[in-house]
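Asker: Encoded as structure tokens, here's the structure I'll be asking about.
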Amino acid sequence: MASFKVTGSRQMKGEIIPQGAKNEALQILCAVVLTKEPVTIHNIPNIRDVNQLIDLLGDMGVRCTRMAESSVKFDASEVNLDYLNSETYKRKAAALRGSVMLLGPTLARFKKGRIPSPGGDKIGRRRLDTHFYGFMKLGAKFNYSQEEGGIYEVDASHLKGAYMLLDEASVTGTANIVMAAVLAEGTTTIYNAACEPYLQQLCKMLNRMGAKITGVGSNLLTIEGVESLNGTEHTMLPDMIEIGSFIGMAAMTQSEITIKNCSIPDLGIIPLVFQKLGIKLEIRGDDIYVPSQEHYELETFIDGSMLTVSDHPWPGFTPDLLSIVLVTAIQAKGTVLIHQKMFESRLFFVDKLIEMGAQIILCDPHRATVVGLNRQQQLRGIRMTSPDIRAGVSLLIAAMSAKGTSIIENIEQIDRGYQNIDTRLNAIGAEIVRL
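So the sequence shown is numbered by the numbering used here: it starts at 211 and just counts up by one.
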């Protein structure tokens with residue numbers, strides 16, 4: 211198990227380029243299975259989850275040819291469906307939550323699919339009901355076998371378009387259903403569909419491949435089924451979660467950084483939320499400049515009551531950045547309530563921040579109150595373990611701002627979502643050693 215040794219109190223200065231979007235990559239890469247023709251994807255992040263998915267596609271018979279550092283050409287003309295019955299597939303797919311999005315494409319093109327209960331972050335229950343509800347509405351039949359360690363088998367011999375109202379605006383659920391519906395017979399109407407930029411990117415790519423999807427960017431998608439899809443080229447958006455992480459990191463460490471090529475129109479309210487924390491941002495073309503700030507003060511509501519930051523379906527604030535907002539608020543002036551509505555275990559890492567000297571009250575599994583220190587007291591370095599991707603980076607930000615040295619263990623969790631984070635931050639002045 212690898213670790214980071216982090217020397218705190220280092221101010222950074224310079225430019226940093228965000229990686230391609232992890233959450234988009236997991237959907238887009240699965241979509242290459244929908245066609246026999248080559249699909250070339252650009253700006254693919256070099257992270258564990260994405261690399262594992264590319265390996266899994268290769269094992270399934272998809273030819274993956276690396277064209278450049280972040281570009282791969284995929285050819286799914288000869289997919290080996292027998293591999294889905296192997297123990298190797300079961301083991302690899304179970305270790306990767308993104309593998310669940312292979313179901314939609316395999317159902318659409320091959321009329322059947324098989325997937326073990328996928329892994330991922332330990333941040334609470336993450337149901338797959340939305341995925342299977344959509345597949346069933348399209349006419350698929352599924353069976354769950356607990357005896358084999360949790361295997362989902364789906365028969366999609368006769369997929370037909372249908373009207374459906376999703377019980378939650380699940381991004382992965384919507385993506386999976388869309389990928390199944392594009393080759394189904396007839397018209398599919400999805401109400402309460404997710405509309406995140408990741409999903410918009412997927413729909414735009416599918417339309418370029420010959421799909422007929424309307425309503426892209428809204429919560430109502432209409433899909434006219436087609437007989438087959440063509441090849442295409444696609445470039446992924448920069449990772450909005452990494453962009454938000456860099457903003458919080460700059461504020462906590464009093465650093466002056468420029469985040470390049472951010473695709474500002476696709477960030478939604480993310481810059482606004484960090485501005486509510488008192489962080490000064492300058493939008494310079496498609497870049498975000500964060501100046502060094504000695505102090506930043508949390509806004510309050512109009513009546514003077516305490517600010518609340520909570521997650522919502524897009525275009526609301528993404529839940530993946532709440533951990534970053536929480537750690538950034540530690541050195542702010544003022545008090546904020548962080549309300550994590552979606553996952554019930556994502557705030558449990560605050561015990562490590564409290565041990566470092568933060569003033570945080572964990573109200574319940576979904577809510578934490580942060581009383582800002584206003585730099586009157588510096589956090590102190592400790593030894594800690596990264597429980598999930600976002601909490602891991604939040605602990606890294608805390609360690610970079612702390613006095614002394616911190617050790618962060620289980621950094622494989624951080625590597626799942628952040629590309630070479632240590633070398634990229636060291637290049638602009640951080641001091642992070644991989645052990």
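Glycine included, each C-beta is placed from N, C-alpha and C at the ideal position.
1) Apply the 10 Å Cβ neighbour rule to residue 356 and answer buried if 16 or more other Cβ atoms are within range, or exposed otherwise.
2) Could you give the residue range of the alpha helix (DSSP H) that holds residue 222?
3) Kindly indicate which three-state DSSP category residue 247 falls into: helix, strand or coil?
4) According to DSSP, what are the bridge partners of residue 618?
5) Pair every Cβ in the stretch 442-455 with every Cβ in the stretch 228-243, then say whether three or more of these pairs are closer than 8 Å.
6) Determine the burial state of residue 335: buried for a count of at least 16 other Cβ atoms within 10 Å of its Cβ, exposed for fewer.
7) Within the stretch 501-550, note down every full alpha helix (DSSP H) run reaching 4 residues or more, in order along the chain.
8) If you count every other CB in all the chains shown that lies within 10 Å of the CB of residue 640, and 16 or more means buried, which is it?
9) Report the rounded CA-to-CA distance for residue 301 versus residue 257, giving the unit in angstroms.
10) Return the chain-ordered ranges of every alpha helix (DSSP H) run that is complete within the stretch 283-342 and spans a minimum of 4 residues.
11) Could you pull out every residue in the same chain whose Cβ sits closer than 7 Å to the Cβ of residue 325, ignoring the five residues on either side in sequence?
12) Let me know the alpha helix (DSSP H) ranges lying completely inside the stretch 360-422, each 4 residues or longer, listed in chain order.
13) Whole angstroms are fine: how far does the CA of residue 585 sit from the CA of residue 402?
14) So what's residue 228 in DSSP terms, helix, strand or just coil?
15) Tell me which residues share the same chain as residue 213 and place their Cβ nearer than 7 Å to its Cβ, disregarding the 5 neighbours each side in the sequence.
16) Distance, Cα to Cα, residue 394 vs residue 283?
17) Taking just the CA atoms, how far does residue 293 sit from residue 339?
18) Are any of the Cβ atoms in chain D nearer than 9 Å to that of residue 485?
19) Along the alpha helix (DSSP H) that carries residue 262, what are the first and last residues, could you check?
20) Quick check on this structure: which residue in 385, 389, 347 and 378 has the alpha carbon closest to the alpha carbon of residue 372?
21) Of the residues 547, 271, 464 and 280, which one's Cα is nearest the Cα of residue 291?
22) Helix, strand or coil for residue 556, going by three-state DSSP, please let me know.
23) Quick one, which of 341, 598, 352 and 527 has its alpha-carbon nearest residue 560's?
24) Looking at the strands, I want to know which residues DSSP matches up with residue 472.
25) Can you tell me where the beta strand (DSSP E) holding residue 643 begins and where it ends?
26) Since residue 351 is in the beta strand (DSSP E), which residue starts that stretch and which ends it?
27) Quick check: the Cα distance between residue 588 and residue 318, rounded to an integer number of angstroms?
28) Which residue's Cα is closest to the Cα of residue 487: 537, 316 and 558?
29) Beta-carbon within less than 7 Å of residue 521's beta-carbon, same chain only, minus the 5 sequence neighbours each way: which residues are those?
30) Closer than 6 Å by C-beta to residue 285: which residues in its own chain qualify, once you throw out the five before and the five after it? Chain order, please.
31) State the DSSP-derived secondary structure class of residue 604, mapped to helix, strand or coil.
32) Select from 351, 239, 638 and 211 the residue whose C-alpha is nearest the C-alpha of residue 415.
33) I need the DSSP call for residue 446, collapsed to helix, strand or coil.
34) Buried or exposed for residue 222, going by 16 or more other Cβ atoms inside 10 Å?
35) Assuming contact is defined by CB atoms lying nearer than 9 Å, are residue 344 and residue 306 in contact in what I supplied?
Answerer: Well, looking at it:
1) exposed
2) Run containing residue 222: none; DSSP gives neither H nor E here.
3) coil
4) 214 and 594
5) yes
6) Any reading at residue 335 must be qualified, since the residue scores a pLDDT of 45, below 50, and its modelled position is unreliable; the value itself is stated next. Label assigned to residue 335: exposed.
7) 532-538
8) buried
9) 19 Å
10) 297-304 and 313-320
11) 303, 309, 310, 312, 313 and 362
12) 381-391 and 407-418
13) 43 Å
14) coil
15) 617, 618, 619, 621 and 645
16) 26 Å
17) 25 Å
18) Checking the listed chains, one finds no chain D in this structure; it contains a single protein chain.
19) 258-269
20) 347
21) 271
22) coil
23) 598
24) None; residue 472 has no bridge partner.
25) 642-644
26) 351-355
27) 55 Å
28) 537
29) 527, 528, 529, 532, 550, 551 and 552
30) 248 and 273
31) helix
32) 239
33) coil
34) buried
35) no
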